[in-house]
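Protein chains: 2
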Amino acid sequence: MKEFELIKHFFTEQAVRRKDVLLGIGDDCAVVSSAANQSIVVTTDTLVAGVHFPLGTSPKAIGHKAVAVNLSDIAAMGAEPSWISLAITLPEVNDDWLTEFCTGAFELCEYYNVQLIGGDTTQGPLSITITAQGLTPEGKYLSRSGAKPGDWIYVTGELGDAALALQHHKEQVLTDNDIIEQVQRKLEFPKPRVLMGQSLREYASAAIDISDGLLADLGHICQASNVGANIVLDAIPLSDAMNKSQLFDDAIDFALNGGDDYELLFTVSEDNKVGMETALAHAGAKITCIGQTNSSQTISTTLNNKAVPISSSGFQHFSSKKAASTDNNI
Amino acid sequence: MKEFELIKHFFTEQAVRRKDVLLGIGDDCAVVSSAANQSIVVTTDTLVAGVHFPLGTSPKAIGHKAVAVNLSDIAAMGAEPSWISLAITLPEVNDDWLTEFCTGAFELCEYYNVQLIGGDTTQGPLSITITAQGLTPEGKYLSRSGAKPGDWIYVTGELGDAALALQHHKEQVLTDNDIIEQVQRKLEFPKPRVLMGQSLREYASAAIDISDGLLADLGHICQASNVGANIVLDAIPLSDAMNKSQLFDDAIDFALNGGDDYELLFTVSEDNKVGMETALAHAGAKITCIGQTNSSQTISTTLNNKAVPISSSGFQHFSSKKAASTDNNI
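Residue numbers (our numbering), protein chains in the order written: chain A, 1 to 330; chain B, 1 to 330.
Laid out in structure tokens, this is it:
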């Protein structure tokens, strides 16, 4: 493996050059700086082949997703992404594969002006770990712990398509090619809600990105904020592809328990509701109010204004149709 | 896998709590801040089982080494390590293994007041990726590119033991248990030269940590600084274990080409030589002058004041007795 050529060719020629990067790729460390009135948010996510994406996933999709899942965490903090470090473990060096991977990874970086500042390439079973960093006004960020009883619960976009795509990958359950393509795209090329996250910074009381599934991630907010919640199942936004191909109960199950959506789930107080909706009206994706927090310690669900039971393990992962299963941010 | 219990138990109960960490483990991102007059250095290194450490390496050694190799990069910049993000991929959750791993990783963090601020746990073939960050006075850091012709070349500690240990692991070449234990310890528990790096910040013209081998890493400095170098082979510091167990030629080969030493290699101008030696006199490890840079474009070596040839591929990895072979910082 001609390591240095590999590195130079694929990773040092990226287009983004930020002024706050004093020293980029090529030394023992990168050197960056933040302004005096900024805080830095930091997240790390790993994708393992066969666990977080099916074997056979296109390298472009893998590259996109590796960056997207990290930017999604930055978005959930209401921060502006700035720098990423990329650690990639490859069974072998394959120029075509790397070219495609870089296309997927770096077009997202270019779009959001995120600079690759370093990383590591190693030989082994395929996996990608990215540490992404972002900037936010000093001490101003969205966390999971700020929700109060009575806050409204919102999600961006539509839920469940990625999980449906994954089920199709395993069991070939879909027959309509248009639908397969639509849900496959949601699984492979999730859009991190970066601009919406920044717009929410002034309005939301709590936020998280939906990677584990709506119920599990709402559970994280509830646990961190010490609140309960009720979800109106009829309000959960579903895609046309989902509605056309699935019975309602199955669709809701995908949306509640599927994961891999990378939409934002957030809470807003009654006072901030109108301001938030106005601010996000042109932010690039729809938002939907799906329920309300309360002072219970549980998550309940209603359908047609009637309570319907959900699993008692509401604060843990559900296993039925979970997409990417065993990762766990720490 | 009871993921949340795993996370809470092993990673959130760490002792280090820094004031510059506004939000630690448990949200979508950590939030940290640097002072207005500081720069931040960032590095990422991956260890893959069977590639960067032999299968069967103790989890404590793996934990130590995963942190140490990253702090070594921070040291080579002359910075003070501050935060790490830990991405660990495990075939299965094993409490005993994780306890030992954490012992190895976090005793080093505690010693240097480095806080774990986040990461990811995933299922898959064993590998560990750490992103470490550090702080340094604004714009003041050691790079590979500052060496001038005529600078003196130094290394900390002694070289080659880790490579000897790795060869023994593969071929059982050693017979003396004391020697095996000594070199094994150098391979498994390298000491990042954090304090020496910080002391060097005022004096060194260039620095790097020796991970790829003395010749390869000197090559990186020469290339980045546009200088050549001569190494006095008789001056290269070797351990007693090495001297007792190896012929001189083999010992020098381990030192030149072995890698995994995690000692610092640095250059100092004639003017800063005495100041540097005084400053480092009590910094915890010996330093040895092993040669001098020059205005050629090559690395030469001398023995008994006579030139001796080395491989012509001086700016690339040597393969003969290289320790951990295929990683590559970008």
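The beta carbon of each residue, even a glycine, is placed where N, CA and C say it ideally should be.
Any C-beta of chain B under 8 Å from that of residue i
| i | result |
| --- | --- |
| R144(A) | yes |
| E138(A) | yes |
| I210(A) | no |
| C29(A) | yes |
| S269(A) | no |
| G291(A) | no |
| A241(A) | no |
| S300(A) | no |
| M196(A) | no |
| I62(A) | no |
| S312(A) | Caution applies to S312(A), whose pLDDT of 42 falls short of 50 and renders its modelled position unreliable; the model cannot decide the point. |
| L22(A) | yes |
| M276(A) | no |
| Y141(A) | yes |
Nearest-angstrom Cβ-Cβ length linking residue i and residue j, presumed shorter than 8 Å
| i | j | result |
| --- | --- | --- |
| G134(A) | L22(B) | Incorrect: roughly 14 Å between the Cβ atoms, too far for contact. |
| S85(A) | T131(B) | 5 Å |
| D73(B) | D28(A) | 4 Å |
| L233(A) | T301(A) | 5 Å |
| A241(B) | I290(B) | A241(B) to I290(B), Cβ: 19 Å. No contact. |
| A229(B) | M276(B) | Between M276(B) and A229(B) the Cβ distance is about 18 Å, and since that is not below 8 Å, they are no contact. |
| T278(A) | A235(A) | About 20 Å separates the two Cβ atoms, so there is no contact after all. |
| G56(B) | P125(A) | 18 Å between Cβ atoms; not a contact. |
| G258(A) | G160(A) | 5 Å |
6 Å Cβ shell around residue i - same chain, five flanking residues per side excluded
| i | result |
| --- | --- |
| I128(A) | L47, A66 and I88 |
| F341(B) | Since the first residue shown for chain B is 1 and the last is 330, residue 341(B) is missing from the structure and cannot be characterised. |
| V69(A) | D45 |
| D20(B) | V32 and S33 |
| I252(B) | L233 |
| R144(A) | A206, I208, H220, I221 and A224 |
| Q316(A) | Reliability fails at Q316(A), whose pLDDT of 32 lies under 50, so the model's placement of it is uncertain and the value that follows must be treated cautiously. Nothing meets the Cβ criterion. |
| G157(B) | E263 and A285 |
| D217(A) | I208, I210 and L265 |
| S58(B) | none |
| A283(B) | L195, M196 and S199 |
Residue i at chain A interface by Cβ criterion, 8 Å
| i | result |
| --- | --- |
| Q14(B) | no |
| C222(B) | no |
| P125(B) | yes |
| V227(B) | no |
| V114(B) | no |
| D73(B) | yes |
| G150(B) | no |
Cβ-based neighbour list, residue i, same chain, cut-off 7 Å, excluding 5 preceding and 5 following
| i | result |
| --- | --- |
| P149(A) | V227, T293, N294 and S295 |
| P81(A) | L71, I74, Y112, V114, A132, G134 and V194 |
Rounded separation between residue i and residue j - CA only
| i | j | result |
| --- | --- | --- |
| T44(B) | L256(A) | 35 Å |
| V16(B) | T103(B) | 14 Å |
| P192(B) | L71(B) | 6 Å |
| S325(A) | H64(B) | Residue placement at S325(A) is poorly supported in this model, since its pLDDT is 42, which falls under 50; the coordinates are not used for a value here. |
| N37(A) | S33(B) | 9 Å |
| L195(A) | A76(A) | 10 Å |
| K306(A) | D249(A) | 15 Å |
| A61(B) | F101(B) | 7 Å |
| V183(A) | V173(A) | 12 Å |
| T267(A) | N243(A) | 26 Å |
| S313(B) | N113(A) | Because the pLDDT of S313(B) is 40, which lies under 50, any placement of that residue in the model is unreliable, and the question is left without a value. |
| N177(B) | I210(A) | 54 Å |
| G213(B) | I310(B) | 14 Å |
| V42(A) | G197(A) | 15 Å |
| E110(A) | L166(A) | 28 Å |
| H9(B) | L90(B) | 16 Å |
| A79(B) | A30(A) | 11 Å |
| A35(B) | W83(B) | 14 Å |
| G146(A) | Y154(A) | 14 Å |
| T175(B) | A49(A) | 42 Å |
| W97(B) | K273(B) | 46 Å |
| Q297(B) | N94(B) | 51 Å |
| L238(B) | F189(B) | 17 Å |
Per DSSP, the bridge partner or partners of residue i
| i | result |
| --- | --- |
| Y154(B) | F266(B) and C289(B) |
| R136(B) | With the sequence shown as reference, residue 136(B) is identified as Thr, and Arg is not the correct amino acid for it. According to DSSP, T136(B) bridges with S39(B). |
| F101(B) | Paired residue(s): none; F101(B) is not in a bridge. |
| P81(A) | G134(A) |
| G146(A) | Answer is none; G146(A) lacks a bridge partner. |
| S300(B) | N230(B) |
| D53(A) | In the sequence as presented, Asp is not what sits at residue 53(A); that position holds Phe. A49(A), per the DSSP bridge assignment. |
| G118(A) | S85(A) |
Contacting residues, own chain, Cβ-Cβ under 8 Å from residue i (five flanking each side not counted)
| i | result |
| --- | --- |
| V308(A) | L233, T301 and T302 |
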